[in-house]
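Undergrad: Please see the structure below; I have some questions.
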Ligand SMILES: Nc1ncnc2c1ncn2[C@@H]1O[C@H](COP(=O)(O)OP(=O)(O)OP(=O)(O)O)[C@@H](O)[C@H]1O
């Protein structure tokens, strides 16, 4: 049955290439939220976008966008409800003028809003009169970002949106995306390597590695559940510290102090209190540290299988 609260659903989606296996992917991206996919280079983020947009055909599995199955014939009307910013600009468009590309978009998208497009170019300080190949990397990125948004899509897929942008342009892009999310039932699925970008924008975070989804988490919950605790106690040993709930790593920090990483911070703190263990200090983990810990857990679980 169709779930009205889900914008993108992937069930058992697989794509096998000679050098890379993507999937089986299972993902449910909620409507009305910003979800960021994070993961190391080459883990399959862009390839997942290509499958969703039918730029590549999957071998198996089901993909649904906005309640419609993709990969079963022409989906022109569905694709018009989506905006896409690819990671890389097409080289074959290098000799095209910005105005010409915008004209194609105007014909293709029924809901193309020339005022919105002009306004975006103005805010982003882009002149679309130039040839695309002669625009600077950041300028072209901003231009293509404006194109992806100008028809007011319900769903926006952004592959590394801030790549090549200067800090001011990045801030402007974030403001535009916040405004886009405030206008109705909009959804963004993006990929990013920039921790600050993910932290400022995302409601949900999907971790990917080696073609698989390691997990999807609500951002605030994720950051509050992962932490590093420095704990100490006269009788404390590494073995005892390893018993902390959600323990993902124990290191000796000198004397009777141990540094533990946990993904169940509240439970670990309660456990310390009940065991008479003193919490010397606590630190929230950064996104990249959480990613490393998840990768480590994944490697361990694979080794144990
Ligand atoms: N058209 C293709 N033909 C063959 N292999 C491909 C193709 N496109 C991507 N791949 C391979 O699929 C894997 C995943 O690539 P993908 O671009 O999806 O990763 P990514 O997570 O987006 O990486 P990055 O963070 O570097 O952008 C890589 O090993 C890549 O070489």
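Residue numbers (UniProt numbering): 1 to 305.
Just so you know, even glycine gets a beta-carbon here, dropped at the ideal spot from N, CA and C.
Note that this is a predicted model, so its numbers are computed, not measured.
For residue 285, collect the residues of the same chain with a Cβ closer than 8 Å to its Cβ; drop the 5 residues on either side in sequence, then sort them by chain order.
TA: What you label residue 285 is simply residue 285 of the chain shown in a count that begins at 1. If we look at residue 285 and ignore the five residues flanking it on each side, its Cβ neighbours are 223, 226, 227, 228, 261, 293.
Undergrad: So the candidates are 198, 287, 84, 278; which of them puts its Cα closest to the Cα of residue 235?
TA: The residue you call residue 235 lines up with position 235 of the chain shown. Answer by Cα proximity: 278.
Undergrad: Below 8 Å, can you find three or more Cβ-Cβ pairs linking the region 180-195 to the region 25-39?
TA: Cβ pair count under 8 Å is three or more, so yes.
Undergrad: Let me know the secondary structure DSSP gives residue 184 once reduced to three states.
TA: As a first step, residue 184 is located in the chain shown; it is residue number 184 there, counting from the start. Coil.
Undergrad: I'd like to confirm something about residue 200: is its beta-carbon nearer than 6 Å to some heavy atom of ligand 1, or not?
TA: Position 200 of the chain shown, counted from the first residue, corresponds to residue 200. For ligand 1, not one heavy atom lies less than 6 Å from the Cβ of residue 200.
Undergrad: Name the residue from 90, 171, 116, 118 whose alpha carbon lies nearest to the alpha carbon of residue 135.
TA: The residue given as residue 135 occupies position 135 in the chain shown. Out of 90, 171, 116, 118, 90 has the C-alpha closest to the C-alpha of residue 135.
Undergrad: Given a cut-off of 7 Å on the beta-carbon distance, is the pair residue 164 and residue 133 in contact?
TA: Taking the first residue of the chain shown as position 1, residue 164 is located at position 164. Taking the first residue of the chain shown as position 1, residue 133 is located at position 133. No. Outside cutoff.
Undergrad: Cβ of residue 17 within 6 Å of any heavy atom in ligand 1?
TA: Position 17 of the chain shown, counted from the first residue, corresponds to residue 17. Yes, since a heavy atom of ligand 1 falls inside the 6 Å radius drawn around the Cβ of residue 17.
Undergrad: Mind checking whether the beta-carbon of residue 47 lies closer than 6 Å to any heavy atom of ligand 1?
TA: By 1-based counting over the chain shown, the position of residue 47 is 47. Under cutoff, so the answer is yes.
Undergrad: Verify whether the separation of the beta carbon atoms of residue 21 and residue 215 is less than 7 Å.
TA: Sequence index remark: in the chain shown, residue 21 carries index 21 (1-based). Sequence index remark: in the chain shown, residue 215 carries index 215 (1-based). Not in contact: residue 21 and residue 215 (Cβ atoms no closer than 7 Å).
Undergrad: Which runs of the beta strand (DSSP E) spanning at least 3 residues fall entirely within the region 151-222, listed in chain order?
TA: Counting only runs of 3 or more, we get 155-159, 187-191, 204-209, 212-218.
Undergrad: Less than 7 Å separating the beta-carbons of residue 81 and residue 154?
TA: Here the question's residue 81 lines up with position 81 in the chain shown. Here the question's residue 154 lines up with position 154 in the chain shown. For residue 81 and residue 154, yes; Cβs fall inside 7 Å.
Undergrad: Do residue 100 and residue 126 have their C-beta atoms within less than 7 Å of each other?
TA: Locating residue 100 in the chain shown gives position 100, where the first residue counts as 1. Locating residue 126 in the chain shown gives position 126, where the first residue counts as 1. No, the Cβ-Cβ distance between residue 100 and residue 126 is not below 7 Å.
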